[in-house]
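This report refers to the structure that appears directly beneath it.
In full-length UniProt numbering, the protein residues as written are 1 to 358.
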């Protein structure tokens, strides 16, 4: 589909993203910022997007022009079948265009000013192909002219081209140029109405690749940071849960240890009581107690037998009574012959024991 694409003097090509190059840069001004230009009273309402590029040339160093005696250039490179450079309001509809491999240059023409011309030259791929104004149409202008087609070319080949616009020449008369916008016709596979010559608003702007790359990298870094924070948060929660579980185990172990200690204390206290002794004695080994009792009984029986035999030995045999008459008489006789009459207790009879071991 054949469409018209407008290249604004400031915003550039909305589809190929090419920009118009202005040299020397410091000699060009935008909109109403040209303080050294004569009578800058342009009606911005009649200009596409209310923007234009203006430059004043003078070979006189005292004229106030920037870079005096230096020609001004505006150039653009384009690729495609049809290219047109136009003013915003210069071409009203597709019917006004000579469709084909065409180029159109449109400018704002100021009123006639003494000693200031509107002379321009046009080069395609370095070859001079036209100039403005044409000698046959040169006339004095009383008012500003908007959307004036200053150059057109409808026979360009289907290949890459460079268009160069020159205002002023070394040693020549003063000149002024006001470039509005650029438009070209081409097959782009675009939908109807996507681009039109009478569209007064700028076309869609190309988003620079650097911000897109930066936004992509920033989004990736943001996702990575969020994932890292989520991982750290989850790990902390898991560690906290393990700590709580360990604390619960510690509390349970402490409680169990305290319970066992209390149980041991109660056991000790119960063992010291008579009731506990009787209870403990009831759980002793019956066979062991029986053996010990048997041993004690044997010893007791042996001792009892010995005591019984000893008592029987003391009672027998029956001895005859001793004759103590002689001893007693001799004792008393001796006592009377002495001055001291002490009564002595006779010694007890000797006792005999018979011990028999069985």
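By construction, the Cβ of each residue, glycine as well, lies at the ideal position given by its N, Cα and C atoms.
Near residue i, which residues of its chain fall below 7 Å by C-beta distance, leaving aside the five closest residues on each side in sequence?
i           : result
residue 30  : 10, 51, 53
residue 191 : With a pLDDT of 40 at residue 191, under the threshold of 50, the modelled position of this residue cannot be trusted; read the value that follows with caution. Around residue 191: no qualifying Cβ.
residue 65  : 36, 56, 57, 58
residue 24  : 67, 70
residue 43  : 144
residue 300 : none
residue 304 : none
residue 168 : 57, 71, 72, 175
Determine the contact status of residue i and residue j, defining contact as a CB-CB distance below 7 Å.
i           : j           : result
residue 375 : residue 160 : No answer is possible for residue 375: it lies beyond the span of the chain, which begins at 1 and ends at 358.
residue 145 : residue 109 : yes
residue 72  : residue 55  : yes
residue 5   : residue 17  : no
residue 69  : residue 170 : yes
residue 112 : residue 141 : yes
residue 105 : residue 150 : yes
residue 125 : residue 166 : no
Does DSSP put residue i in a helix, in a strand, or in coil?
i           : result
residue 65  : coil
residue 236 : helix
residue 175 : strand
residue 11  : coil
residue 300 : helix
residue 168 : coil
residue 354 : coil
residue 162 : strand
residue 212 : helix
residue 310 : helix
residue 224 : helix
residue 5   : strand
residue 44  : helix
residue 194 : Bear in mind that a pLDDT of 40 at residue 194, under 50, signals an unreliable position, so the model cannot answer this.
Return the chain-ordered list of same chain residues with a C-beta closer than 6 Å to the C-beta of residue i, the five sequence neighbours on each side being excluded.
i           : result
residue 13  : 7
residue 131 : 121
residue 123 : 164
residue 179 : 9, 53, 74, 107
residue 28  : 22, 53, 55
Note the first and the last residue of the continuous beta strand (DSSP E) segment covering residue i.
i           : result
residue 121 : 120-124
residue 78  : 72-78
residue 103 : 103-109
residue 153 : 145-153
residue 54  : 53-57
residue 374 : Past the boundaries of the shown model lies residue 374; the chain is included only from 1 to 358, so the question cannot be answered.
residue 22  : 21-23
residue 131 : 127-132
In chain order, what residues of the same chain lie with their CB nearer than 8 Å to the CB of residue i, ignoring the 5 residues before and after it?
i           : result
residue 20  : 7, 9, 12, 53, 74, 75, 76, 179, 182
residue 128 : 121, 122
residue 41  : 144
residue 217 : none
residue 225 : none
- Query: Does the region 164-175 come within contact of the region 110-123, defined as at least 3 CB pairs closer than 8 Å?
  - Reply: yes
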